[in-house]
Amino acid sequence: MFRMMKAGLVVAAAVAIVACGSTSFQSTWSAPDAGPLKIEEGTKVMAFFPNANTAKRRGLETALANELNEHGLDATAAYQIVPEDLDLGTGKAKPYVERAGMAYALVMQITGSEQQITGTPSMWGGGFYGPGWGGWGGWGYGGGTDIRTDTLVGVETLLFDVKADKLVWAGQSQTMNPSKAESFARELVRAVGNELQKDGLVNPAK
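Take a look at the structure:
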């Protein structure tokens with residue numbers, strides 16, 4: 005998501021020039037008064053990925069925190085900070101986050117999934133059933149359609165400035181065929197970094 009610039013107090017997207025693979029954003033929003041995020045290397049960030057399944061939540065939050073740490077942030081999974089029976093949306097979690105010294109909270113939540121079915125014509129390279137068909141047994145006749153089914157997983161991402169107690173950025177994205185938590189988190193973090201750069205909240209990598 006980020007690559008730290010030690011000379012300043014800004015962050016840059018880790019993959020500013022390359023595409024984000026299978027994750028794409030459909031919409032984003034920035035707070036009207038949001039400017040370049042004042043984050044430097046080692047800034048504390050809480051990674052929250054709510055899920056009704058505790059094991060899945062822990063896996064996703066750990067993967068998300070690990071990916072953020074790879075880019076220089078000091079990220080911690082939310083389950084290590086906030087009791088798991090508390091909902092961050094209730095406001096009861098805020099004291100835990102503040103006591104842990106978190107400067108930002110990156111919250112991601114799966115909003116749904118859908119199947120996308122695509123078909124492409126296929127060519128049959130074999131002949132037909134034998135002689136007597138007037139030479140109709142050539143290439144391409146009798147071909148069918150190759151069917152592919154993809155799963156699109158929607159994710160809502162929210163970035164909170166804990167100290168200012170405000171939402172600074174939000175986005176809606178889709179990831180195609182996510183598999184392991186680690187690769188899912190990697191796709192999301194990189195895509196979010198690119199969008200933050202596009203929206204002027206982080207400076208381009210140099």
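Be aware that the sequence shown starts at 5, since it is given in this note's numbering, and climbs by one per residue. For glycine and all other residues, C-beta sits at the position ideal for the given N, C-alpha and C. For clarity, every value in this text was computed on a predicted model and none was experimentally measured.
DSSP state of residue i mapped onto helix, strand, coil
i	result
residue 175	strand
residue 68	helix
residue 90	coil
residue 211	Because the chain is modelled from 5 through 210, residue 211 falls outside the range shown and cannot be assessed.
residue 136	Any reading at residue 136 must be qualified, since the residue scores a pLDDT of 42, below 50, and its modelled position is unreliable; no value is offered.
residue 157	strand
residue 117	strand
residue 188	helix
Same chain, Cβ closer than 7 Å to residue i, neighbours up to 5 away in sequence not counted
i	result
residue 83	61, 62 and 65
residue 4	As shown, the chain starts at 5 and ends at 210. That puts residue 4 outside it, with no answer to give.
residue 154	120, 180 and 181
residue 69	51, 79, 80 and 81
residue 100	85 and 86
residue 167	107
Contact set for residue i: own chain, Cβ-Cβ below 6 Å, skip 5 residues either direction
i	result
residue 158	115, 116 and 178
residue 67	185, 186 and 189
residue 200	206
residue 56	none
residue 112	53, 159 and 161
residue 73	79
residue 163	110, 172 and 173
residue 31	176
residue 33	174
residue 130	Residue confidence for residue 130 is low, a pLDDT of 46 falling below 50, so the modelled location carries little weight and cannot support an answer.
residue 29	175, 177 and 199
Exposed unless 16 or more other CB atoms sit within 10 angstroms - verdict on residue i
i	result
residue 38	buried
residue 4	In the structure displayed, the chain extends from 5 to 210; residue 4 sits before or after that span and is not available.
residue 88	exposed
residue 43	buried
residue 204	exposed
residue 71	buried
CB-CB length for residue i against residue j, believed under 8 Å
i	j	result
residue 169	residue 108	Not a contact, Cβ separation roughly 12 Å.
residue 59	residue 79	Contact flag wrong, Cβ pair sits at about 20 Å.
residue 193	residue 175	12 Å between Cβ atoms; not a contact.
residue 191	residue 27	4 Å
residue 102	residue 156	Residue 102 to residue 156, Cβ: 36 Å. No contact.
Own chain residues within Cβ distance below 8 Å of residue i, not counting five before or after
i	result
residue 35	170, 171, 172 and 173
residue 105	48
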